[in-house]
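A short worksheet on the structure shown next.
Protein chains: 2
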Amino acid sequence: MLVWIDGRPAALLPVTDRGLAYGDGLFETIAVRQGRMDLLDRHLQRLADGVQRLGLPLDLALVRAELLAFAGEFGHGVAKLIVTRGDGLRGYAPPVDTHCRRILSGSPAPTYPVRNRLDGIRLYPCATRLAEQPLLAGLKHLNRLEQVLARAEWQDPAYAEGLMCDSSGRVIEGVFSNLFVVRNGELLTPSLARCGVAGVMRAEVIARAAAAGVTTRVGDLDRAALLAADEVFLCNSQYGIWPVVALDSHGWPVGKLTRKLQGLLADLVDV
Amino acid sequence: MLVWIDGRPAALLPVTDRGLAYGDGLFETIAVRQGRMDLLDRHLQRLADGVQRLGLPLDLALVRAELLAFAGEFGHGVAKLIVTRGDGLRGYAPPVDTHCRRILSGSPAPTYPVRNRLDGIRLYPCATRLAEQPLLAGLKHLNRLEQVLARAEWQDPAYAEGLMCDSSGRVIEGVFSNLFVVRNGELLTPSLARCGVAGVMRAEVIARAAAAGVTTRVGDLDRAALLAADEVFLCNSQYGIWPVVALDSHGWPVGKLTRKLQGLLADLVDV
Chain A
1 MLVWIDGRPA ALLPVTDRGL AYGDGLFETI AVRQGRMDLL DRHLQRLADG
51 VQRLGLPLDL ALVRAELLAF AGEFGHGVAK LIVTRGDGLR GYAPPVDTHC
101 RRILSGSPAP TYPVRNRLDG IRLYPCATRL AEQPLLAGLK HLNRLEQVLA
151 RAEWQDPAYA EGLMCDSSGR VIEGVFSNLF VVRNGELLTP SLARCGVAGV
201 MRAEVIARAA AAGVTTRVGD LDRAALLAAD EVFLCNSQYG IWPVVALDSH
251 GWPVGKLTRK LQGLLADLVD V
Chain B
1 MLVWIDGRPA ALLPVTDRGL AYGDGLFETI AVRQGRMDLL DRHLQRLADG
51 VQRLGLPLDL ALVRAELLAF AGEFGHGVAK LIVTRGDGLR GYAPPVDTHC
101 RRILSGSPAP TYPVRNRLDG IRLYPCATRL AEQPLLAGLK HLNRLEQVLA
151 RAEWQDPAYA EGLMCDSSGR VIEGVFSNLF VVRNGELLTP SLARCGVAGV
201 MRAEVIARAA AAGVTTRVGD LDRAALLAAD EVFLCNSQYG IWPVVALDSH
251 GWPVGKLTRK LQGLLADLVD V
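Chains as they are written, first to last, in UniProt numbering: chain A, 1 to 271; chain B, 1 to 271.
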């Protein structure tokens with residue numbers, strides 16, 4: 001595995017890192033193909049938002065340069081960037097002199113069954129709820145125990161993803177994906193104002209749909225509205241779009257708009 | 001700094017650790033004096049609860065033996081134990097073959113002003129709310145961004161601690177302390193069923209108060225009930241008990257029961 005810490009090859013970090021101690025940091029997982037990073041501007045935009053909201057003194061221009069250099073050397077697969085608040089000894093107070101740590105690692109691209117994209121997937125109904133925390137909502141931060149608990153709920157490979165609701169019962173997202181529904185030719189994706197991760201592919205779907213004349217509403221979605229949808233799909237930056245065809249005893253067809261959006265995003269997915 | 005990883009001296013860990021990636025683990029900070037750990041059984045009890053709830057395959061007998069050996073070598077200060085789900089490459093699913101990682105580090109005992117204990121402290125009213133997540137409530141897990149954000153709200157050393165409420169406005173705890181109020185000679189401490197950390201000193205306060213004939217109720221506490229209390233105090237495993245004398249424009253005296261409990265816990269605090 002190719003790993004850089006603060007721009008240099010390394011594979012170990014001090015036990016004093018606040019990313020370990022408190023999950024005090026952010027991450028991005030970026031698809032890399034032919035030495036280039038997909039959706040790099042969107043990843044950097046989300047990172048900039050997180051850095052601002054967590055008060056991390058990160059040099060974003062340096063991060064961009066490092067990502068470009070890493071992609072060139074790495075070539076193909078998934079690059080994971082972790083940014084932490086650096087070292088701290090004890091106590092939650094950020095050190096007066098904070099030096100963020102940048103950890104970049106490259107792994108092979110994940111291999112998902114082709115049928116996920118072609119035939120659609122079954123959703124596991126996760127019992128784990130997302131707590132509502134507006135201060136952290138939307139960020140891809142390092143506090144991910146809810147996702148760990150949710151993903152541990154099922155082992156059956158018949159379920160490619162799980163559905164997560166918030167503590168009020170609103171439908172929010174997959175464990176590692178964002179969710180869209182189609183109703184009357186329009187897209188609706190859940191608001192991420194209270195919880196959830198604002199995926200870069202979610203933003204890209206909204207943008208390319210808009211360019212093709214398809215409107216997206218962002219708002220609340222309850223289970224009844226999900227079941228009543230004409231089409232349902234998931235997206236993330238690694239696999240693009242998966243149609244959803246089943247949740248519990250309910251089924252949806254793989255719909256026309258889902259297929260159209262898969263086509264519009266084909267340049268971002270290895271086939 | 002004395003550091004052991006999996007029982008051996010080391011100061012670096014792999015970037016693939018899931019404690020870093022997801023905050024997928026637990027920690028304990030244990031006061032060590034004359035080569036012995038204070039409240040060790042309570043720390044291990046909370047760890048056992050966390051291990052069970054997070055599904056971590058941790059050998060608790062091994063951890064106990066390691067803590068005893070570490071305390072003997074370390075002598076005096078604070079021992080911090082971090083337990084993680086070990087290494088993972090990508091994805092939230094726990095590896096089939098999980099090997100938890102144990103990280104033990106020793107630091108000097110924190111030095112707090114003596115006046116905190118004697119004269120009491122002012123509480124900073126934190127705007128950061130604790131999200132309600134029953135699946136994680138009470139645990140000392142590694143997802144601590146809420147505490148990081150709360151502690152970053154104030155720099156003025158006139159405030160020794162901050163007060164945190166949950167998203168419904170209930171009073172829960174300090175940023176690194178538990179909270180008790182006294183009303184009509186009884187103790188009340190907030191329920192930690194929805195959020196908060198179940199401190200070992202909180203449990204010890206309840207036990208020693210009971211042995212002295214003082215009842216503790218555990219339940220909900222709103223701001224009005226806090227302000228109406230006869231006495232207010234905080235506790236944690238490092239400093240014991242601090243009386244609370246001020247929050248915003250409201251004040252409380254350092255009360256008799258608070259002083260009595262400080263006396264009952266004197267063997268657990270360096271003076």
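Even glycine gets a Cβ: it sits at the ideal position worked out from N, Cα and C.
The C-beta distance from Ala-229(B) to Val-181(B) rounds to 4 Å, short enough to meet the 8 Å contact threshold. At the C-beta level, Asp-87(A) and Asp-17(A) come within 8 Å of one another. Listed in chain order, the beta strand (DSSP E) runs fully inside the stretch 105 to 166 of chain A are 121 to 125, 159 to 165, counting runs of at least 3 residues.
Burial is judged here by how many other beta carbons sit within 10 angstroms of a residue's own beta carbon; Glu-28(A) has at least 16 and is buried. Interface with chain B (8 Å Cβ-Cβ cutoff): Asn-116(A) is excluded. Residues are counted here when their Cβ sits less than 9 Å from a Cβ of chain B; for the stretch 8 to 21 of chain A these are Ala-10, Ala-11, Leu-12, Leu-13, Pro-14, Val-15, Thr-16, Asp-17, Arg-18, Gly-19, Leu-20, Ala-21, given in chain order. Setting aside the 5 residues that flank it on each side, Tyr-124(A) is surrounded in the same chain by Trp-154, Tyr-159, Gly-162, each with a C-beta closer than 6 Å to its C-beta; the list follows chain order.
Secondary structure at His-76(A): coil, using DSSP grouped into helix, strand and coil. For the options Asp-119(B), Leu-104(B), Ile-172(B), the alpha carbon positioned closest to that of Ala-127(B) is the one of Ile-172(B).
Counting along the chain, the unbroken beta strand (DSSP E) around Thr-216(B) starts and ends at 216 to 219.
For the stretch 34 to 67 of chain A, the set of residues with a beta-carbon nearer than 7 Å to any beta-carbon of chain B comprises Gly-55, in chain order. When DSSP states are grouped into helix, strand and coil, Ala-31(B) belongs to the strand group. A contact is defined here as three or more CB-CB pairs under 8 Å, and the stretch 214 to 226 of chain A meets this definition with respect to the stretch 185 to 202 of chain A.
Counting along the chain, Leu-13(B) sits inside the beta strand (DSSP E) bounded by residues 12 to 14. For the set Ala-31(A), Ile-103(A), Asp-49(A), Met-1(A), the Cα lying nearest the Cα of Leu-139(A) is the one of Asp-49(A).
Collapsing the DSSP output to three states places Ala-246(B) in a strand.
Taken atom to atom, the span from the alpha-carbon of Val-3(B) to that of Ser-249(A) is near 52 Å. Under DSSP, Thr-84(A) shares a beta bridge with Gly-25(A), Arg-101(A).
Listed in chain order, the beta strand (DSSP E) runs fully inside the stretch 179 to 238 of chain A are 186 to 190, 216 to 219, 231 to 236, counting runs of at least 3 residues. Between Tyr-112(A) and Val-148(B), the C-beta spacing is not below 8 Å. Residues are counted here when their Cβ sits less than 7 Å from a Cβ of chain A; for the stretch 160 to 194 of chain B these are Ser-167, Val-175, Phe-176, given in chain order. For a cut-off of 8 Å, the C-beta gap from Val-214(B) to Leu-257(B) is around 7 Å, short enough to register as a contact. The C-beta of Leu-60(B) has fewer than 16 other C-beta atoms within 10 Å across all chains shown, which makes the residue exposed.
When the five nearest sequence neighbours on each side are left out, the beta carbons in the same chain lying within less than 8 Å of the beta carbon of Leu-142(A) are those of Gly-19, Gly-23, Asp-24, Gly-25, Leu-26, Phe-27, Ile-82, Thr-84, in order along the chain. Partner residues in the beta bridge of Ile-241(B), as assigned by DSSP, are Cys-235(B).
Pairing Glu-132(A) with Arg-194(A) gives a Cβ-Cβ distance under 8 Å.
Inclusion of Val-232(B) and Ile-121(B) in the CB contact set at 8 Å is not warranted, their separation being larger than that value. Taking the CA atoms as reference points, Leu-67(A) sits about 36 Å from Arg-170(A). For Arg-90(B), the closest of Gly-77(A), Arg-117(A), Leu-89(A) by C-alpha to C-alpha distance is Gly-77(A). Going by beta carbons, Leu-12(B) and Pro-9(A) fall outside the 8 Å limit. Beta-bridge analysis with DSSP links Ile-5(A) to Arg-8(A), Ile-103(A). Distances from the alpha-carbon of Leu-226(A) to those of Ile-5(A), Met-164(A), His-99(A) put Met-164(A) closest. Identification of residues in the stretch 87 to 113 of chain B having a C-beta nearer than 8 Å to some C-beta of chain A yields Leu-89, Arg-90, Gly-91, Tyr-92, Ala-93, Pro-94, Ile-103, Ser-105, Ser-107, Pro-110, given in sequence order. Within the same chain, and ignoring the five residues on either side of Arg-42(B) in sequence, the residues whose Cβ sits closer than 8 Å to its Cβ are Val-200, Ala-203, Glu-204. Val-197(A) places its beta carbon 8 Å or farther from that of Tyr-239(A). Spatial neighbours of Gly-251(B) in its own chain (CB-CB distance under 8 Å, excluding positions within 5 residues in sequence) are listed in chain order as Val-245.
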